[in-house]
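Student: Under this note's numbering, the first residue of the sequence shown carries the number 2, and numbering increases by one thereafter. Idealized CB from N, CA, C, for every residue including glycine.
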Amino acid sequence: METIRANEYHDLVSVTDPQVSPDGERVAFVRSVPKDDEKYEATVYVVPLGGDEPKQFTISEGVDSSPRWSPSGDRLAFVSTRGADDDRPQLWVMPTAGGEARQVTDVAGGVSQLAWSPDGTKIAFVQSSTEDDRDEERDISLDGEEYEPETPDPRVIDRKIYRAGTSYFDGKRSHVYLVDLDDDSVERLTDGDFDFAAPDWGDETTLYFGAEREDDPDDNITIDVVAYDIDADEEETLFQTSAWGASLAATEDGRIAYIYSPEENATLRQADLKVFDRGTGETVTLTETLDRTVAIAPEWDPEEERVYFGTPDEGDQVIWRARGDGSEELQRVVGDGHITDFSVGADAVAYAKSEWDHPGDLFVSTPGGAETHRLTRANAEYLNDRAVGQPEELRFESDEGVEIQGWLLTPPDFDADEQYPLVVEIHGGPHAMWSTSGTMWHEFQTLAAEGYVVFWSNPRGSTGYGEEHMAAIGRDWGDTTMTDVMAGVDLVAERDYIDEDDMFVTGGSFGGYMTAWIVGHTDRFKGAVSQRGVYELSSFYGSTDAFKLIEWDFDTTPWEEPEFLWERSPTAYVEDVTTPTLLIHSDNDFRVPVNNAEMLYLLLKKNDVETRLVRYPREGHELSRSGEPGHVVDRLERIVRWFDGYSDHRDVPKALDRGDDGLSANEDDEDDETEE
């Protein structure tokens, strides 16, 4: 059988956003695949619950997303970039019995977060627009006008948080809109210099949404939950909560399920699921007895009796359900695999899940999870010819006596009598959780296919193991995490087939922080690749959109304890680094801006460490997960080349001496020259 390669990322299909039809007989979803080195093609498909093959529903043009059935099931709304000269998605509606899709909106800010009204006559959505767009009503309709927003010159900034993802806000705010499908007229329901999100209908005249308009919303996570009366054109703030963005699910009789994160030290605390009853004014916490953080947004079942939600749980991402009044114990509906999203129907729960043997498919279970059926095999043809390894689960104790969960993946042609180099992977977050699949499936399998044994774990700070485990790295990212990771390395290195003199380490974001921290505190690794990492905490605080992470995880600020933050920054230990270290970063990473990599790169060069900085234009913090396909491949190939150059098990030059040899992009260029 063939082994998995980095450049086969172009062949991998992704399935996301399942939506059960109102009649409970079909599931709409988004099928995405790389189109070329720069773009993806995303199309809406529909699959019957009875087990027939999925069928393409929308044409292959542009990027489609957010399929949403009308309440009667006769139409499907979605957003798409088809026919556009830019990436602004517009709202489209298509009859489900057959026919052409109709473009409903033509607005300046694009469309997201769709919500059908219960009678099927209107759709609420969210759009980001500037005050000037709103004044000129370009957020209502462009009337066929060609529109290209101007880049401010100069860019004048007044907000604490003024950029995110890969873009500057440039005065844009997210507002809630309503489109009447009788005449496609658009109405803005909110206004002001605030952000609104997560619209969801109660009854036919009541729309609920979240509003971030507490004093200086850039510096807190307070959210107003608002009820908007469509007929009266009036809004009422029902209550305040705190969360990393609004996440609401409403019922016809005025019960609102929502995710709540404690505002104090929120990054070290778990999120709960609560239900507010508008009729009684009472709130119940459904997850009070569950020591897990709520990570997948809630959804009511069609009878509006139970609410479903998702949490990480010891290497799995699982689905739970609870009665809305909290009168029954929580029930675990789907308890294995890595679930990313789900949809609840009358007699079924559809969900997207990846496992060790596939990168993601759609599944369906009965409402209580008693029976499960697989709906798609999106990558069957590819996987039939590939050797896919099954990771071995490990449970081990760190020096502190705390149990840690990890996994070990061996190469496809593994022979226990041979010796292999080891790659240690460290996850980001820091409050995240790895599984045997998810977004790392391709990377783990590729490294193993290249002849490396791969080890990864969920050290303290990770979610999925309770709040105590999650909060254990408060004021101490480096030593605590390194203790847990290295305890796993020590355990694995005892195996005869591991060459403990040929070990490598890598990670991204917080994993990049830990990679740089580790090479500053030990020389056990032959090579390291540090990706999109936080290397100096004070400069990170001053340039990121996530500065609250420092305030809450370290309980301080740069002006209060500058020496304390410096001592907990990897750059403070650069004089002790001898490990050859490759740095990977994105030019438009506004979560961990590239100045962090620039600083560490210069310090490594000044201290004569073998290093290189690779920067990806146009990319942001999500490069490894959703970057341009060519960049996703190039990044992974460069990691392998860096390790190969220092491994005793490889007879190749160091990456510093190889130029572009061995990179797919270079091979493509050579093929083009040959054709010419």
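Spell out whether any CB of chain C is found under 7 Å from the CB atom of residue 405.
Tutor: Annotation note: the requested chain C is absent from the structure, which comprises a single protein chain.
Student: How far does the alpha helix (DSSP H) with residue 518 in it reach, from first residue to last?
Tutor: First-last of the alpha helix (DSSP H) with residue 518: 511-520.
Student: Alpha carbons only, please: which of 630, 667 and 639 is nearest the one belonging to residue 11?
Tutor: For residue 11, the nearest C-alpha among the options comes from 630.
Student: Quick check: the segment 532-552 against the segment 453-464, are there 3 or more CB pairs under 8 Å?
Tutor: No: fewer than three Cβ pairs fall under 8 Å.
Student: Bridge partners for residue 600 per DSSP, in chain order?
Tutor: Paired residue(s): none; residue 600 is not in a bridge.
Student: What is the residue span of the beta strand (DSSP E) that residue 340 lies within?
Tutor: Taken as a continuous stretch (DSSP letters only), the beta strand (DSSP E) holding residue 340 covers 339-345.
Student: What does a CB cutoff of less than 8 Å around residue 331 pick up in its chain, not counting 5 residues either side in sequence?
Tutor: Correct list, in chain order: 287, 288, 290, 291, 321, 322 and 323.
Student: Reducing DSSP to helix, strand and coil, say where residue 641 ends up.
Tutor: Helix.
Student: I need the DSSP call for residue 571, collapsed to helix, strand or coil.
Tutor: Correct three-state label for residue 571: helix.
Student: Apply the 10 Å Cβ neighbour rule to residue 483 and answer buried if 16 or more other Cβ atoms are within range, or exposed otherwise.
Tutor: By the neighbour-count rule (16 or more Cβ atoms within 10 Å), residue 483 is buried.
Student: Can you list, in chain order, the residues of its chain whose CB lies under 6 Å from that of residue 513, leaving out five sequence neighbours each side?
Tutor: Result list for residue 513: 531, 532, 533 and 534, in chain order.
Student: By the three-class DSSP mapping on this structure, what secondary structure does residue 464 have?
Tutor: In the structure shown, residue 464 sits in coil (DSSP, three-state: anything other than H, G, I, E or B).
Student: Check whether the Cβ atoms of residue 346 and residue 16 sit closer than 7 Å, and answer yes or no.
Tutor: Cβ distance not < 7 Å, so residue 346 and residue 16 don't count as in contact.
Student: Can you tell me where the beta strand (DSSP E) holding residue 542 begins and where it ends?
Tutor: First-last for residue 542: 538-542, but that is the alpha helix (DSSP H), not the beta strand (DSSP E).
Student: Between 199, 617, 249 and 190, which lies nearest to residue 233 when the distance is taken from Cα to Cα?
Tutor: For the residues 199, 617, 249 and 190, the minimum Cα distance to residue 233 belongs to 190.
Student: Return the chain-ordered list of same chain residues with a C-beta closer than 7 Å to the C-beta of residue 106, the five sequence neighbours on each side being excluded.
Tutor: So the qualifying residues of the chain are 91, 92, 112, 180 and 187.
Student: Find the nearest neighbour of residue 315 within the set 355, 407 and 26, judged by alpha-carbon distance.
Tutor: Residue 315 has its Cα closest to that of 407, out of 355, 407 and 26.
Student: In its own chain, which residues sit with a C-beta less than 6 Å from the C-beta of residue 616, not counting the 5 before and 5 after it?
Tutor: Hits under 6 Å: 586 and 588.
Student: Determine the contact status of residue 4 and residue 413, defining contact as a CB-CB distance below 7 Å.
Tutor: Cβ atoms of residue 4 and residue 413: closer than 7 Å.
Student: Buried or exposed for residue 168, please, with buried defined as at least 16 other CB atoms from any protein chain shown within 10 angstroms of its CB.
Tutor: Exposed: under 16 other Cβ atoms inside 10 Å.
Student: Provide the residue span of the alpha helix (DSSP H) that contains residue 493, from first to last.
Tutor: Its alpha helix (DSSP H) spans residues 479-494.
Student: Between residue 498 and residue 300, what straight-line distance do the alpha-carbon atoms span, to the nearest angstrom?
Tutor: Looking at the two C-alpha atoms, the distance is approximately 47 Å.
Student: Suppose contacts are defined by Cβ-Cβ distances below 7 Å. Is residue 297 in contact with residue 277 by that definition?
Tutor: No.
Student: So which of 109, 75, 85 and 88 has the shortest CA-CA distance to residue 94?
Tutor: Measuring from the Cα of residue 94, the nearest candidate turns out to be 75.
Student: Should residue 570 be labelled buried (16 or more other beta-carbon atoms within 10 Å of its own) or exposed?
Tutor: Label assigned to residue 570: buried.
Student: Locate the beta strand (DSSP E) running through residue 258, then write down its first and last residues.
Tutor: Residues 256-261.
Student: Going by DSSP, what residues sit across from residue 168 in a beta bridge?
Tutor: Paired residues: 165.
Student: Can you give me the C-alpha to C-alpha distance between residue 369 and residue 50, rounded to a whole angstrom?
Tutor: Distance between the alpha carbons of residue 369 and residue 50 is about 17 Å.
Student: Do residue 521 and residue 574 have their C-beta atoms within less than 7 Å of each other?
Tutor: Yes; because the gap between Cβ atoms is below 7 Å, this pair is in contact.
Student: Ignore the nearest five residues each way along the sequence and tell me which others in residue 196's own chain have a CB closer than 6 Å to its CB.
Tutor: Hits under 6 Å: 174, 175 and 213.
Student: Does DSSP put residue 675 in a helix, a strand or coil?
Tutor: Confidence at residue 675 is low in this model, with a pLDDT of 49, below 50, so its placement is unreliable and the value that follows should be read with caution. In this structure, residue 675 counts as helix in the three-state DSSP scheme.
Student: Applying the criterion that 16 or more other CB atoms from any shown protein chain within 10 Å of the CB defines a buried residue, is residue 281 buried or exposed?
Tutor: Per the 10 Å Cβ criterion, exposed.
Student: Which one of 359, 395, 371 and 364 has the shortest CA to CA distance from residue 385?
Tutor: The option with the nearest alpha carbon to residue 385 is 359.
Student: In whole angstroms, what separates the C-alpha of residue 78 from that of residue 103?
Tutor: Approximately 9 Å, taken between the alpha carbons.
Student: Helix, strand or coil: how does DSSP classify residue 689 here?
Tutor: There is no way to answer for residue 689, as the model of the chain reaches only from 2 to 677.
Student: Compute the Euclidean distance between the alpha carbons of residue 252 and residue 52, then round it to the nearest angstrom.
Tutor: If you take the alpha carbons of residue 252 and residue 52, they lie about 31 Å apart.
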